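Trainee: Numbering (the working numbering), first residue to last: 75 to 344.
For glycine and all other residues, C-beta sits at the position ideal for the given N, C-alpha and C.
A quick note: this is a predicted structure, and the numbers were derived from the prediction, not measured.
What follows is a structure written as structure tokens; I'll ask about it next.
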């Protein structure tokens with residue numbers, strides 16, 4: 075059964091998502107800080123037990139998380155009735171969807187994990203001054219992200235993350251301008267997620283990101299934290315691999331609207 079989450083169930087839903095915050099990064103972010111982009115938060119129930127979470131975005135896309143065996147026909151029927159364009163989920167469940175309904179899959183991101191003992195310093199000769207970023211730097215950070223990324227956290231959410239100490243970060247400045255930055259988000263006593271690692275295009279190839287990663291990762295590992303990140307770019311993935319990160323899983327998008335009714339019927343049934 076799929077139904078709207080009641081207010082009394084919100085804590086249980088968030089606890090489920092935070093069992094694997096990196097895999098569910100965008101779901102947790104939306105539930106905690108960016109709910110304006112959500113249309114509905116639904117629970118997937120099996121025998122009255124919560125076994126999955128389904129988030130429908132106003133954009134027409136949806137996110138699904140579950141470690142249980144799901145009734146794919148029920149979920150597909152729900153998505154069809156609600157005109158969901160695409161479903162974003164972990165690759166294991168995505169492959170089941172592809173097999174069941176003949177949908178194409180597009181890789182969205184790779185989840186990488188670094189355990190403390192695997193940390194390696196990236197060779198770099200750069201010795202630029204490093205500063206800890208504060209909430210007052212949110213505008214400068216967002217300015218750099220606007221240049222480097224198609225989409226990123228808003229200035230308000232960057233400020234919130236730093237002000238509420240749910241994350242930290244280091245940066246290299248040129249005057250008041252940030253030319254390279256690395257941050258964490260959703261830090262706990264045991265783990266942290268790296269995000270928003272960026273260097274201005276005019277300053278790349280000089281070892282700024284490597285210098286910042288060496289410094290920040292070193293501090294986090296000394297605290298005994300397991301580190302995670304989501305990465306889309308193969309060049310960045312190679313840099314993180316040098317630091318000791320290893321691929322754990324991938325996030326994929328099921329493109330539901332890119333299959334005609336005839337093609338869909340040709341897919342095998344679960």
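Does the beta-carbon distance from residue 128 to residue 138 come in below 7 Å?
Mentor: Translated into positions along the chain shown, residue 128 becomes position 54. Translated into positions along the chain shown, residue 138 becomes position 64. Result yes, Cβ atoms of residue 128 and residue 138 sit closer than 7 Å.
Trainee: Going by beta-carbon coordinates alone, are residue 125 and residue 140 separated by less than 7 Å?
Mentor: Residue mapping note: residue 125 aligns to position 51 of the chain shown, counting from 1. Residue mapping note: residue 140 aligns to position 66 of the chain shown, counting from 1. The beta carbons of residue 125 and residue 140 sit closer together than 7 Å.
Trainee: Taking Cβ positions, are residue 244 and residue 290 nearer each other than 7 Å?
Mentor: As a first step, residue 244 is located in the chain shown; it is residue number 170 there, counting from the start. As a first step, residue 290 is located in the chain shown; it is residue number 216 there, counting from the start. Yes; because the gap between Cβ atoms is below 7 Å, this pair is in contact.
Trainee: Have a look at residue 201 and residue 92 and give me their C-alpha separation to the nearest angstrom.
Mentor: One-based indexing of the chain shown puts residue 201 at position 127. One-based indexing of the chain shown puts residue 92 at position 18. Going from the Cα of residue 201 to the Cα of residue 92 covers about 37 Å.
Trainee: Determine, for residue 166, whether the minimum Cβ-Cβ distance to residues of chain B falls below 7 Å.
Mentor: In summary, chain B is missing from the structure at hand, where a single protein chain is found.
Trainee: Quick one: measure Cβ to Cβ for residue 214 and residue 252, integer angstroms, because I've assumed they're closer than 8 Å.
Mentor: If you number the chain shown from 1, residue 214 lands on position 140. If you number the chain shown from 1, residue 252 lands on position 178. Correct: roughly 5 Å between the Cβ atoms.
Trainee: Tell whether a beta-carbon distance below 7 Å holds between residue 231 and residue 107.
Mentor: On the chain shown, position 157 is the one that residue 231 refers to. On the chain shown, position 33 is the one that residue 107 refers to. In contact: residue 231 and residue 107 (Cβ atoms closer than 7 Å).
Trainee: Note down the Cα distance separating residue 344 from residue 117, rounded to an integer number of angstroms.
Mentor: Against the chain shown, residue 344 aligns to sequence position 270. Against the chain shown, residue 117 aligns to sequence position 43. Note that residue 344 scores 42 on pLDDT, short of 50, meaning its location in the model is unreliable; the coordinates nonetheless yield the value given after this. Taking the straight line joining both Cα atoms gives about 21 Å.
Trainee: Going by beta carbon distance, what residues of the same chain come within less than 8 Å of residue 160, once the five residues before and after it are set aside?
Mentor: For the purposes of this step, residue 160 is identified with residue 86 of the chain shown, where counting begins at 1. Closer than 8 Å at the Cβ level, and outside the excluded window around residue 160, lie 134, 135, 136, 327, 328, 329, 330, 331.
Trainee: How close, in whole Å, do the beta carbons of residue 76 and residue 152 come, if the pair is a contact with beta carbons under 8 Å?
Mentor: For this step, residue 76 is matched to residue 2 along the chain shown. For this step, residue 152 is matched to residue 78 along the chain shown. For a cut-off of 8 Å, the C-beta gap from residue 76 to residue 152 is around 5 Å, short enough to register as a contact.
Trainee: In terms of residue numbering, what span does the alpha helix (DSSP H) encompassing residue 122 cover?
Mentor: Position 48 of the chain shown holds residue 122. Where residue 122 is concerned, there is no enclosing alpha helix (DSSP H), given that its DSSP letter is neither H nor E.
Trainee: Could you tell me if residue 239 is buried or exposed, where buried requires 16 or more neighbouring beta carbons within 10 angstroms of its beta carbon?
Mentor: In the chain shown, counting from the first residue as 1, residue 239 sits at position 165. Residue 239 should be labelled exposed.
Trainee: Please classify residue 78 as buried or exposed, where buried requires at least 16 neighbouring CB atoms within 10 angstroms.
Mentor: In the chain shown, counting from the first residue as 1, residue 78 sits at position 4. Answer is exposed; the Cβ neighbour count stays below 16.
Trainee: Keeping to the same chain, check which residues put their C-beta closer than 6 Å to that of residue 207; ignore five residues upstream and five downstream.
Mentor: Taking the chain shown and counting its residues from 1, one reaches residue 207 at position 133. The answer, listed in chain order, is 243, 245.
Trainee: For residue 157, count neighbouring Cβ atoms within 10 angstroms of its own Cβ and tell me buried if that reaches 16, exposed if not.
Mentor: On the chain shown, position 83 is the one that residue 157 refers to. Under this definition residue 157 is an exposed residue.
Trainee: Can you tell which of 177, 88, 287, 115 has the C-alpha that lies nearest to the C-alpha of residue 272?
Mentor: By one-based count along the chain shown, residue 272 stands at place 198. Cα-wise, what sits closest to residue 272 is 287.
Trainee: Excluding the five sequence neighbours on either side, which residues of its own chain have a C-beta within less than 7 Å of the C-beta of residue 280, listed in chain order?
Mentor: By 1-based counting over the chain shown, the position of residue 280 is 206. The residues are 200.
Trainee: Evaluate residue 336 with the Cβ neighbour count: other Cβ atoms within 10 Å of its Cβ, from every protein chain shown; 16 or more gives buried, anything less gives exposed.
Mentor: Walking along the chain shown from the start, residue 336 turns up at place 262. Low local confidence applies: a pLDDT of 47 at residue 336 is under 50, so the model's placement there is unreliable, with the coordinate-based value given in what follows. Exposed: under 16 other Cβ atoms inside 10 Å.
Trainee: Restricting to runs no shorter than 3 residues, where is the beta strand (DSSP E) found entirely within the stretch 178-266?
Mentor: 179-188, 243-248, 251-259
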